[in-house]
Each structure stands twice: as structure tokens, then as C-alpha cells.
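Participant: So for the sequence shown, the working numbering puts the first residue at 5; every next one is plus one. The beta-carbon is built from N, C-alpha and C at its ideal position, and this holds for glycine as well.
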Amino acid sequence: REGCLSPISPEAWPLVQSFICHNRTFILDGHVQLKTSLQTQERHLFLFTDLLVVAKSKSHSHFKLKCQARLCEMWTAFCTEEVCEGSTDPDRSFVLGWPTTNCVANFRSAEQKETWLSFLQSRIREEKEKDNPKSIPLTIIAKDVGTCAYSKTLNVTNVDTANDVILMALQQLGINGSEKDYKLWVISGREHAPYPLIGHEYPFGIKMSHIRDAMPHGSKHCACPRQLQGPFLTEQLPQELQCQFVLKPSQVAACQQLNDLSQKSFKRKRSIINWAFWRGPGTHLDNAPLSSTSAAPGKLFGLLLTTICEDDNLPKPLL
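#1: Could you give the distance in angstroms between the alpha-carbon of Ser126 and the alpha-carbon of Phe23?
#2: Going by beta-carbon coordinates alone, are Val190 and Thr104 separated by less than 7 Å?
#3: Would you report the Cα separation of Ser254 and His26, rounded to the nearest angstrom?
#4: What residue range is occupied by the uninterrupted alpha helix (DSSP H) comprising Trp120?
#5: Specify the secondary structure class of Gln246 as computed by DSSP and reduced to three states.
#6: Here's the rule I'm using: 16 or more other beta-carbon atoms within 10 Å means buried, otherwise exposed. How should Glu131 be labelled?
#7: So, for Leu171: in the same chain, excluding its five sequence neighbours on each side, which residues have a beta-carbon less than 6 Å away from its beta-carbon?
#8: Between the Cα of Pro18 and those of Glu77, Ala81, Leu32 and Leu69, spot the shortest distance and give me the residue it belongs to.
#9: Helix, strand or coil: which one does DSSP assign to Thr84?
#10: Would you tell me roughly how many angstroms separate the C-alpha atoms of Gly178 and Phe52, rounded to the nearest one?
#11: In chain order, what residues of the same chain lie with their CB nearer than 7 Å to the CB of Leu100, ignoring the 5 residues before and after it?
#12: Give the C-beta separation of Lys138 and Asn162 to the nearest angstrom, bearing in mind that I take them to be a contact with Cβ-Cβ under 8 Å.
#13: Which residue or residues does DSSP assign as beta-bridge partners of Gly326?
#14: Closer than 8 Å is the cut-off here; do at least three beta carbon pairs connect the segment 83-96 with the segment 24-44?
#15: Mind checking Asp148: buried by the 16 CB within 10 Å criterion, or exposed?
#16: Cβ of Phe123 within 7 Å of Cβ of Lys117?
#17: Kindly indicate which residue of Ser213, Asp54, Lys60 and Asp135 has the alpha-carbon position closest to the one of Gln37.
#18: Spell out the partners DSSP gives Phe98 in its beta bridges.
#19: Quick one: is Pro94 buried, meaning 16 or more other Cβ sit within 10 Å of its Cβ, or exposed?
#20: Classify Val149 as helix, strand or coil using the three-state DSSP reduction.
#21: Would Cys76 and Val58 qualify as a contact pair, given that the criterion is a beta-carbon distance under 7 Å?
#22: Please classify Phe50: is it buried, with 16 or more other beta-carbons within 10 angstroms of its beta-carbon, or exposed?
#23: Classify Pro198 as helix, strand or coil using the three-state DSSP reduction.
This is how it looks when you write it as C-alpha cells:
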């Protein structure tokens, strides 16, 4: 098969056979290193017309399935330094992702990298053209912005990136700033912790991934199942299949806001909240008079400790 990286056609391999069907054909396979943070894993990729399958090699022709992703929900990028620690060769690597994962795909040669990048981008683009609908309502919740929490429902298309959605949300919410000042986080029922998006991901694909996972088994991998109407485009999904998008200030913006607030309210917080505990040298608070209701030294509720403590033991708590 043209473009196949394996010297022997893998179409007869059990894993490949398990995915081939009347509307899905095999395109490409090859070895890859997948890097996330400080972790590097040796994996084997199998590209089909609508799916990418990630597996671990057990022998020459046998593989253990690790994960699979619909191409219409995937993305590629080149911000390798945002995804993993250490140096990567840009000639042999790029960022590969799906809901809600980003990893650096590192190939054995620049030629293999270009082949995979070309095939993936082409197939992702073609599968996205089959999306129906091509836009959905997406609710964005703004937190840690001002004194209140805001929410806004936006019409998001299947080609809008996370940065595009941030700009739309800022405009609709009337918040000043750019995509560099804010991060879009995903809170997913199937993840243990909120996941911050870098900016190149497709929120449409992330949301649709959760919706498709709620579909009957036979239509999960279909790009546009008929059931994608009504309640499935709202939040009426099982808790483990729901996802929320939260807009928060990025670290730089948050630190700047914190500095501004601290300069304005530091003295007030010291004088009102912490005055009884503040013992900084050279401050007038050191000489502030204690309240007339404060307990005297060595007393509890006005009683000497020696009176209520028998044999130097603290009294039992009242239940």
C-alpha cells in the first residue's frame, strides 16, 4: 500500500482486521514515540479513514490496543515545548491530540514525520467536512474574573480553536483582554481533574466526543449519528459524560490582578483581619490596645488555667 511505513502489509494483522469494515479502510501504520511531560512511551500508530489507533507492540504482528480517537475530533500543532519537558527535534516531531490529550509524536526520520503529518491533516480535514451539525451551542463559565461568575452560551463551529472561543467569550462577556491573558479549562466527568487547553484544540470536538460517547454502541464512531439532536446537544447527559468549559485568567494575568489588589487592600486587611496576630517591627499595630473583652494572659474565659486544669491536664471537650 502506498505510504505504508511497514515493510510488510499489516492488513492481515489481528488488530487491523478488528477495525476494518465496509465504511473504514486501513491507510498507514508506523512506530512512534509519544511524549507527555517527562514521560516517553514507545507506541505503534494505525491510521484508518476515520480513526487513529494507538497500540503497544507485543510482537511483530500482535499489538495491545491503548486508545483510539475519531479523526473528526483530533488536532495537530507544533507547540512541542508546551506539551513535554526537554528538547525535541522539530524536524521529526509535532503535537498530536484528541479529547482531552496532547502529546508530542516523535518519529524516526523527518520523512516519516512529514508523511504522518500530511496524512493526518488531510484526513482530519475530510472527516470534519462530514460533521453534522457543524456548529453547536457551547456554554462558557467565567470564573475568577471580577467579583462574580458569568456564563455565556456561544455558537461554536467545528473549526474554532480554544483561542477563538476565548476571544468570542471575552467579547460576549464584555471582558477586556486577549487569548494570552486567559485559559479555557475543560471539566470532564471522565477525567479526575480539570484540563487546561493550550489554545490549538477544538472545543467543538471535545464536546462532541462526550456526546458521541453517550450514543448507542453502533453509532459512537459515526461522524454524524442521527441521535445528535435535542437533549444530546444540551447538558442532559449522564454525569460521567458531561463536560464544562471554564474561562479563567492565565497565570500571568492572575498574578498581575493579585498584585494590583494586594497594593490596594493590604493595609486594610492587616488592620481589620490580622491586627490581633500582626507582630511586624516598627508598625503602629504593635501598640494597638487590646479589646476589653480579650482574655487576660494565663486565663481562659476569665478563669486561671491552674483552676480548670487538674494535674496539668487540659479539661475534656464539651460534646
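Facilitator: Per the coordinate set shown:
#1: One alpha carbon belongs to Ser126, the other to Phe23, and they sit about 20 Å apart.
#2: yes
#3: 46 Å
#4: Ala114 to Glu133
#5: If DSSP states are grouped into helix, strand and coil, Gln246 belongs with coil.
#6: buried
#7: Glu183
#8: Leu69
#9: helix
#10: 43 Å
#11: Thr80, Cys107 and Ala109
#12: 5 Å
#13: The displayed coordinates of the chain run from 5 to 323. Any statement about residue 326 would go beyond what the structure contains.
#14: yes
#15: exposed
#16: At a Cβ-Cβ threshold of 7 Å, Phe123 and Lys117 do not count as neighbours.
#17: Closest option to Gln37, Cα to Cα, is Lys60.
#18: Looking at the DSSP assignment, Phe98 forms a beta bridge with Ala109.
#19: exposed
#20: Looking at Val149 - three-state DSSP - the assignment turns out to be coil, as it is neither helix nor strand.
#21: no
#22: buried
#23: If DSSP states are grouped into helix, strand and coil, Pro198 belongs with coil.
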